[in-house]
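A.B. asks: Every position in the sequence shown, counted from 1, becomes a number in this note's numbering once 416 is added. Sharing a structure below in structure tokens format, with a few things to ask.
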Amino acid sequence: LDQEPESGRRHIENNLKIEKVESPLEPSPLPIHAQKILVVDDEESVVRLIARVLERHGYKDVLTATDSSRVMELVHSFQPDLVLLDLNMPKVSGFELLEQIHREVIDFEPIPVVVLSGERARVSRMEALKLGASDYIVKPFDLEALARLKNNLERRLLGKQVHAQKMELEERVRERTRELEEAQLETVFRLGLASEYRDDDTGAHVVRMALYVTALALASGQDKMQAELTGLAAKLHDIGKLGIPDSILLKPGRLTPEEFDVIKTHTLVGAKILSGAKTELLQLAEVIALNHHEKWDGSGYPNGLKGSEIPRVARMVAVCDVFDALTSARPYKEAWSIERAFDLLKAESGKHFDPDMVDLFFQQEVAILAIKASSGL
Ligand SMILES: [Fe+2]
């Protein structure tokens, strides 16, 4: 401190406040003076002197400690950007503290520790650097020490800024990804809605189907993400209905065999609309659209597949689709009671439906009933 320049004279407004004075050091282009500095030395006069010098050079947030056993507590509560640490102290030694502080990560990296020691020996310097010290300054706390401190604070601040920019960028990417995912989900939902719109303008069938299928997929051992994907893909099961004329799709009463043949083509039309897709979601939707009217005993359409020839996911959807169709009112029919629909599923187990899927469906009975009840439709 004996090297302190004349131009660095402090200006005292009152007993406590020390105004910033012009420093002979190059001013930093970075706002380093707002960074928090913790000064640790067992000698009260030393920490006071250092704090005063720091404040005179514009540092606004300086905390001092003389009891080394309390330093970690202060590190946690004050969260300093830099610790100026003496090595020779009673109770907890500086080396020990250095190791402990270095383990503390605030924001993104260990808190930098600048050692300020009376010890010139190389072995001591080596040991401190080995334990993670950012710098080693030999007392007294002079202009060179201040310059080094400034460098360390600049490095810390730059690191923080880069880290903050990285976090912001990552958040922006996450946000964008979320938006894209939402756009995809919404597009799929609205496409599913379009296919159902003519005979169910509430879209309730599509919504319930996805929930039933998700519940069944979970019960069949799929993880949550896969089960939700399956449920979402199921929303497009009847997309091929877009290709069926109203006169047939909305015909009240029985269809002629020729008309029914036209209805059957909604599976092929749907698969065609979805064919060649790049995403797993739409590929799954294609499989479902094509196969959701196949029956376990081989009497379904369009290909008359039998048993395990039918893709598992389509066997899953078949149960949910029929259950929801039966229990929903349509322009041409009343809704069945849940009991009656349950009876039909049981009766058709091993005929229309995969018996394993029917079992899984009834294992999920509570969830199924809750979905039905909460849809309110
Ligand atoms: Fe269908």
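All residues carry an ideal CB built from backbone N, CA and C; glycine is no exception. Being a predicted model, the structure only gives us computed values, none of them experimental.
Along the chain, which unbroken stretches of the alpha helix (DSSP H) at least 4 residues long are found entirely within the stretch 697-771?
C.D. replies: With a minimum length of 4 residues, the continuous alpha helix (DSSP H) runs that stay inside the stretch 697-771 are 728-742 and 754-763.
A.B. asks: Let me confirm a value: V774 is counted as buried when at least 16 other C-beta atoms fall within 10 Å, else exposed. Which label applies?
C.D. replies: Per the 10 Å Cβ criterion, buried.
A.B. asks: Is D654 close to ligand 1? I mean its beta-carbon at under 6 Å from any heavy atom of the ligand.
C.D. replies: Correct: D654 has its Cβ closer than 6 Å to ligand 1.
A.B. asks: Based on the DSSP secondary-structure assignment, which residues constitute the bridge partners of L860?
C.D. replies: With the chain covering only 417 through 793, there is no way to say anything about residue 860.
A.B. asks: For L470 and V478, which I take to be in contact (beta-carbon distance under 8 Å), what is that distance rounded to the nearest angstrom?
C.D. replies: The Cβ separation is near 5 Å, so the contact holds.
A.B. asks: Out of curiosity, what's the CA-to-CA distance linking F794 and G656?
C.D. replies: As shown, the chain starts at 417 and ends at 793. That puts residue 794 outside it, with no answer to give.
A.B. asks: Do you know how far the Cα of K640 is from the Cα of A481?
C.D. replies: Going from the Cα of A481 to the Cα of K640 covers about 52 Å.
A.B. asks: Among all the DSSP beta bridges, which residues are the ones paired with I784?
C.D. replies: Paired residues: none, contrary to the question.
A.B. asks: Should V735 and V629 be called a contact, given that it needs their Cβ atoms to be closer than 7 Å?
C.D. replies: For V735 and V629, no; Cβs fall outside 7 Å.
A.B. asks: Are the CB atoms of V521 and L454 within a distance shorter than 7 Å?
C.D. replies: The answer is no: Cβ separation not under 7 Å.
A.B. asks: How is the beta strand (DSSP E) around V530 delimited, first residue to last?
C.D. replies: Start and end: V529 to S533.
A.B. asks: Is L500 helix, strand or coil when you go by DSSP?
C.D. replies: Strand at L500.
A.B. asks: What residue does the alpha helix (DSSP H) around D551 start on, and which one ends it?
C.D. replies: Unbroken run through D551 is the beta strand (DSSP E), D551 to V554; no alpha helix (DSSP H).
A.B. asks: In three-state DSSP terms, what is S790?
C.D. replies: S790 falls in the helix class under three-state DSSP.
A.B. asks: Using C-beta distances below 6 Å, list every residue in its chain close to V508, excluding the 5 sequence neighbours before and after it, in chain order.
C.D. replies: These residues qualify, in order along the chain: S484 and S485.
A.B. asks: Which stretch, first to last residue, makes up the alpha helix (DSSP H) that contains I655?
C.D. replies: First-last for I655: undefined, no H or E at that position.
A.B. asks: Counting only runs that start and end within the stretch 562-619, where is the alpha helix (DSSP H) found for 4 or more residues in a row?
C.D. replies: Those alpha helix (DSSP H) runs which fall completely within the stretch 562-619 and span 4+ residues do not exist here.
A.B. asks: Is the CB-CB distance between L690 and A701 below 7 Å?
C.D. replies: Yes, these two residues count as a Cβ contact at 7 Å.
A.B. asks: Excluding the 5 residues preceding and the 5 following Y613 in the sequence, name in chain order all residues of the same chain whose CB lies nearer than 8 Å to its CB.
C.D. replies: The answer, listed in chain order, is G619.
A.B. asks: Could you tell me the alpha carbon to alpha carbon distance between L634 and K749, rounded to whole angstroms?
C.D. replies: Each residue's alpha carbon lies about 32 Å from the other.
A.B. asks: Which value, in whole angstroms, describes the spacing of the CA atoms of S550 and T593?
C.D. replies: Between S550 and T593, the C-alpha separation is close to 39 Å.
A.B. asks: Please classify T794 as buried or exposed, where buried requires at least 16 other C-beta atoms within 10 Å of its C-beta.
C.D. replies: Lying before the first or after the last residue shown, residue 794 is absent from the chain, which here runs from 417 to 793.
A.B. asks: By the three-class DSSP mapping on this structure, what secondary structure does E459 have?
C.D. replies: Coil, per DSSP.
A.B. asks: Assuming E535 and N504 form a contact by the criterion Cβ under 8 Å, report the distance between their Cβ atoms to the nearest whole angstrom.
C.D. replies: Going by Cβ atoms, the distance from E535 to N504 rounds to 7 Å, so yes, they are a contact pair.
A.B. asks: Considering D677, what are the terminal residues of the alpha helix (DSSP H) in which it resides?
C.D. replies: Counting along the chain, the alpha helix (DSSP H) containing D677 begins and ends at P673 to L690.
A.B. asks: Return yes when the C-beta of G669 is under 6 Å from any heavy atom of ligand 2, and no when it is not.
C.D. replies: Although ligand 2 was asked about, the structure shown includes only ligand 1 as ligands.
A.B. asks: Would you mind reading off the limits of the alpha helix (DSSP H) that contains Q638?
C.D. replies: Q638 -> no alpha helix (DSSP H), and no H or E assigned at all.
A.B. asks: Can you tell me whether E442 is helix, strand or coil according to DSSP?
C.D. replies: In this structure, E442 counts as coil in the three-state DSSP scheme.
A.B. asks: Please state the DSSP three-state secondary structure of V521.
C.D. replies: Looking at V521 - three-state DSSP - the assignment turns out to be strand.
A.B. asks: Compare the C-alpha of L658 against each of V703, S611, E512 and R571 and name the closest.
C.D. replies: It is S611.
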